[in-house]
Amino acid sequence: MRKPFATLLFITALSVSVLSCKDKAKEAETTEAEMPATAEATAESYKANVDASTIQWKGFKPTGEHYGTIDIESGTFDVTNGEVVGGSFIIDMNSIVVNDLPADDEKNTKLTGHLKSDDFFDVEKYPNAVFTITGAENGEGKTMLSGNLTLKDAKNNIIFPVSVSQNGDELILESETFTIDRSKWNVKYGSKSFFDDLGDKFINDDIELKVTVKATKA
């Protein structure tokens with residue numbers, strides 16, 4: 001009876017592993033920073049509607065996960081024939097919000113403060129992050145957007161899939177969920193990339209992101 005039971009345990013573990021791999025968002029291709037895209041003079045300019053734009057984030061550790069939002073402070077897009085050909089947006093790192101814990105919970109206040117501290121994003125020294133578009137390629141029904149992400153004291157180019165739609169004078173750019181490796185931007189706290197004595201008290205390097213920017217023709 002032991003052998004069938006052991007086999008059942010193996011199959012169950014394998015199934016969980018496969019499902020976990022399927023659920024994990026794909027990491028954005030990350031390379032050295034590139035030159036920003038330059039739009040032609042005929043490109044139309046769109047200004048971000050910051051009240052309707054946001055970045056959703058999620059972080060992971062062995063005992064669970066936390067998630068929330070970050071505000072977009074400002075941004076512009078250059079658009080030609082319905083395609084985004086340039087632009088940038090500024091991210092307000094001081095606006096980090098934790099949504100998986102009640103807003104009035106002491107644990108929420110503690111976690112939010114920790115994320116803003118120099119252990120993580122050091123928002124006092126680096127109040128903003130910036131994403132600057134370096135290019136876009138269309139294929140297989142989606143747009144692969146590339147841009148330089150400046151976070152803390154590091155700048156890297158990332159590529160991730162987005163959809164771009166227009167409704168009159170409004171443009172909506174929405175990414176698929178993707179991840180970035182925080183260690184590449186020197187966010188070191190609890191990272192196995194920097195510390196080898198953490199045991200099971202580490203925090204995953206992957207940060208899951210979903211970007212939504214709504215903009216209006218300037």
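Counting with my numbering, you get residues 1 to 218 for the letters of the sequence shown. From the three backbone atoms N, C-alpha and C, an ideal C-beta is built for every residue, glycine too. Only a predicted model underlies this, so the values are computations on that prediction, with no experimental measurement involved.
Check                                                                                                                                                                                : Outcome
Can you give the beta carbon distance from V164 to L173, rounded, assuming they're within the 8 Å contact cut?                                                                       : 5 Å
Return the CA-CA distance between E34 and K217, expressed in angstroms with no decimal places.                                                                                       : 27 Å
Any idea if T132 is buried or exposed, counting beta-carbon neighbours within 10 angstroms, 16 or more meaning buried?                                                               : buried
Taking only the alpha-carbon atoms, compute the straight-line gap between D71 and T112 and give it to the nearest angstrom.                                                          : 14 Å
Quick check on the burial criterion: 16 or more other C-beta atoms within 10 angstroms. Buried or exposed for S88?                                                                   : buried
Cβ of I70 less than 8 Å from any chain D Cβ?                                                                                                                                         : Among the protein chains of the structure shown there is no chain D, as only one such chain exists.
So for L145, helix, strand or coil by DSSP?                                                                                                                                          : strand
Please work out which residues of its chain come closer than 7 Å, Cβ to Cβ, to K22, disregarding the five sequence neighbours upstream and downstream, and give them in chain order. : Bear in mind that a pLDDT of 43 at K22, under 50, signals an unreliable position, so the number given afterwards is only what the model happens to contain. There are no such residues.
I'd like to know whether the C-beta atoms of I55 and V162 end up nearer to each other than 8 Å.                                                                                      : no
How would you write the range of the beta strand (DSSP E) that E170 sits in, first residue to last?                                                                                  : E170 to S175
Expressed to the nearest angstrom, what Euclidean distance is found between the alpha-carbon atoms of S45 and A52?                                                                   : 18 Å
Can you give the Cα-Cα distance for M144 and N138, rounded to whole angstroms?                                                                                                       : 6 Å
Measuring CB atoms only, is the stretch 55-64 touching the stretch 189-204, in the sense that at least three cross pairs come out at less than 8 Å?                                  : yes
Give a yes or no on whether the C-beta atoms belonging to V79 and A43 are separated by under 8 Å.                                                                                    : yes
Let me check understanding here. Comparing Cα to Cα, which of N49, G135 and I96 lies closest to A129?                                                                                : I96
Have a look at V213 and A48 and give me their C-alpha separation to the nearest angstrom.                                                                                            : 7 Å
Hey, out of N108, D92, D119 and F120, whose CA is closest to V98's CA?                                                                                                               : N108
Is DSSP giving D181 helix, strand or coil here?                                                                                                                                      : strand
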